[in-house]
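In the numbering used here, the protein residues as written are 9 to 276.
Notes for the one structure printed next.
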Amino acid sequence: MTHKIAVLGAGKIGEALLGGLLRSGRPPATLLATVRRPERAAALRERHGIEVVDTAEAAKTADTLILAVKPQDMGALLDELAPHATADRLVISAAAGITTAFVESRLSEGTAVVRVMPNTPALVDEAMSVISAGRHATDADLAHAEEIFGGVGRTMRLPESQQDAATALSGSGPAYFYYLVEAMTDAGILLGLPRDKAHELIVQAAIGASVMLRDSGEHPVTLREAVTSPGGTTISAIRELENHGVRAALIAAIEAARDRSRALAGPA
Ligand SMILES: NC(=O)C1=CN([C@@H]2O[C@H](COP(=O)(O)OP(=O)(O)OC[C@H]3O[C@@H](n4cnc5c(N)ncnc54)[C@H](O)[C@@H]3O)[C@@H](O)[C@H]2O)C=CC1
Ligand SMILES: O=C(O)[C@@H]1CCC=N1
Numbered sequence: 009m010t011h012k013i014a015v016l017g018a019g020k021i022g023e024a025l026l027g028g029l030l031r032s033g034r035p036p037a038t039l040l041a042t043v044r045r046p047e048r049a050a051a052l053r054e055r056h057g058i059e060v061v062d063t064a065e066a067a068k069t070a071d072t073l074i075l076a077v078k079p080q081d082m083g084a085l086l087d088e089l090a091p092h093a094t095a096d097r098l099v100i101s102a103a104a105g106i107t108t109a110f111v112e113s114r115l116s117e118g119t120a121v122v123r124v125m126p127n128t129p130a131l132v133d134e135a136m137s138v139i140s141a142g143r144h145a146t147d148a149d150l151a152h153a154e155e156i157f158g159g160v161g162r163t164m165r166l167p168e169s170q171q172d173a174a175t176a177l178s179g180s181g182p183a184y185f186y187y188l189v190e191a192m193t194d195a196g197i198l199l200g201l202p203r204d205k206a207h208e209l210i211v212q213a214a215i216g217a218s219v220m221l222r223d224s225g226e227h228p229v230t231l232r233e234a235v236t237s238p239g240g241t242t243i244s245a246i247r248e249l250e251n252h253g254v255r256a257a258l259i260a261a262i263e264a265a266r267d268r269s270r271a272l273a274g275p276a
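This is the structure in structure tokens:
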């Protein structure tokens with residue numbers, strides 16, 4: 009069998025991954041997708057030139073099955089998959105909250121399952137994908153998952169016990185930055201700047217700050233201190249952020265995301 013990857017439930021994250029795999033040079037003939045709606049199938053075929061098949065066909069043809077449906081749809085997908093997926097398939101779940109134990113319990117005994125939490129910057133090859141092994145996944149299975157998800161950005165191995173936290177920080181993480189950009193744009197509007205100019209200023213500040221965070225090796229406190237002149241503008245803003253409990257709000261928000269990820273696993 010040629011080495012094939014199927015993305016089961018090619019929605020936003022599944023399509024981002026497929027696009028990245030194609031950009032990284034994987035031939036379209038080695039990729040398969042499954043979807044629910046015919047219009048979606050037509051769009052995927054047209055945009056990426058890949059074959060869209062049903063779950064049974066994907067399970068029979070591909071040796072790596074990436075499950076990218078919503079956590080709430082995972083039980084139904086596994087019911088469809090189980091009769092067709094032999095135990096030699098590597099199954100990779102990208103769903104928030106869903107444990108490898110849950111996936112394993114629905115598939116053939118001994119199936120290797122890997123849990124991965126990517127994020128949407130996969131669309132621009134800047135994802136972070138956090139990878140954990142299930143009970144039967146070997147180092148080679150983890151390396152295979154790293155190779156696939158490494159095509160759309162960076163990867164990090166963490167124990168599965170830390171996946172809900174990683175989901176809250178990294179899977180959902182880009183949304184917090186977009187939220188911040190929205191709020192800062194509102195501030196620019198309040199201060200009388202045109203929306204497009206405010207947006208451009210904030211996006212460039214975000215890119216500049218991100219590159220410095222990644223490349224300077226400096227602690228964020230040091231980078232922030234370098235912006236914060238005595239008696240200056242930045243400290244006036246920082247005082248308001250502290251007054252409004254923004255740090256505590258972020259900690260509480262990310263804890264809530266972690267708790268939601270745990271809850272999506274369903275009752276223990
Ligand atoms: N959107 C994001 O930023 C991230 C999402 N995830 C996870 O990825 C999964 C998908 O999320 P999105 O892509 O945002 O959702 P989505 O709703 O865009 O994609 C899911 C797709 O699966 C299809 N689907 C559902 N059941 C199916 C079945 N039985 N057979 C074939 N197709 C089926 C749906 O029609 C839909 O197109 C979720 O479990 C989520 O937790 C993980 C990391 C980041
Ligand atoms: O919001 C969600 O549940 C998904 C998982 C991580 C990012 N988006």
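Ideal Cβ positions, reconstructed from N, Cα and C, are used throughout, including at glycine.
Predicted model only: the values in this text are computed from it and were never measured.
Check: Could you tell me the distance, in whole angstroms, from the CA atom of Ala51 to the CA atom of Pro238?; Outcome: 55 Å
Check: Let me know the secondary structure DSSP gives Ile139 once reduced to three states.; Outcome: strand
Check: From Gln80, Pro36, Gly28, pick the residue whose C-alpha is nearest to that of Lys12; which is it?; Outcome: Pro36
Check: Does Gly27 come out as helix, strand or coil in the three-state DSSP assignment?; Outcome: helix
Check: Quick one: grab the DSSP three-state call for Glu134.; Outcome: coil
Check: Going by other Cβ atoms of all chains shown within 10 Å of its Cβ, with 16 needed for buried, is Ser178 buried or exposed?; Outcome: buried
Check: Pick from Ala153, Arg44, Met82: whose alpha carbon is nearest that of Ala273?; Outcome: Met82
Check: Quick test of the definition: if touching needs 3 or more C-beta pairs under 8 Å, does the region 131-144 touch the region 169-187?; Outcome: yes
Check: I think Ala90 touches Arg114, with their Cβ atoms under 8 Å apart; what is that distance to the nearest whole Å?; Outcome: 6 Å
Check: Under the three-state reduction of DSSP, which class applies to Leu166: helix, strand or coil?; Outcome: coil
Check: Entirely within the region 60-104 and at least 3 residues each: give me those beta strand (DSSP E) ranges in chain order.; Outcome: 72-75, 98-101
Check: At what residues does the beta strand (DSSP E) containing Leu39 begin and finish?; Outcome: 39-42
Check: Consult DSSP for Arg45 and reduce its assignment to one of helix, strand or coil.; Outcome: coil
Check: Under 8 Å, do Ala66 and Leu73 count as touching if we go by C-beta distance?; Outcome: yes
Check: Are the region 167-175 and the region 239-246 touching, with three or more C-beta to C-beta distances below 8 Å?; Outcome: no
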